[in-house]
């Protein structure tokens, strides 16, 4: 996957999480999780975008590391939404799709970081 496709995918992940959380309101818990998921999921795209503009490999790895953490945090919030049945059943498939996407993004970003780190060790 090239960086433009990944940029689009990380941004879309944020949009999709915003859409999912638009119905998550009413209680303190739902509002809290809504805010946390919006912050972490949109941070995935924002930090990936920043990584592409990094001025050094060290800066790139640092930004990618933040992106990994935010994608994994998003997965945790989505998992909590699913486990606690915080959305109506008709949103379960979309929640699971976003959970899968968060896991895939995390794996791709970890692999990216490992590639850069292993390349640096060979130099």
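In my numbering, the protein residues as written are 325 to 447. Beta carbons are placed, not taken as given, at the ideal position from N, Cα and C, and that holds for glycine. Since the structure is predicted, the reported quantities are computational estimates derived from the model, not experimental observations.
Beta-carbon contacts of residue i that lie in its chain and below 8 Å, excluding the five residues immediately before and after
i: residue 349; result: 355 and 358
Host alpha helix (DSSP H) of residue i (start-end)
i: residue 330; result: 327 to 345
Close-in-space but distant-in-sequence residues of the same chain around residue i (CB under 6 Å, 5 per side omitted)
i: residue 443; result: none
i: residue 425; result: 337
For residue j and residue i, believed in contact at Cβ under 8 Å, the rounded distance
i: residue 427; j: residue 405; result: At roughly 15 Å, the Cβ-Cβ gap does not stay under 8 Å, so residue 427 and residue 405 are not in contact.
i: residue 385; j: residue 429; result: Residue 385 to residue 429, Cβ: 17 Å. No contact.
i: residue 391; j: residue 433; result: 5 Å
Own chain partners of residue i with C-beta closer than 7 Å, once the 5 adjacent residues on each side are dropped
i: residue 345; result: 358, 361 and 362
i: residue 403; result: 423
i: residue 335; result: 369
In chain order, each beta strand (DSSP E) run of at least 3 residues that lies wholly inside the region 343 to 415:
Those beta strand (DSSP E) runs which fall completely within the region 343 to 415 and span 3+ residues do not exist here.
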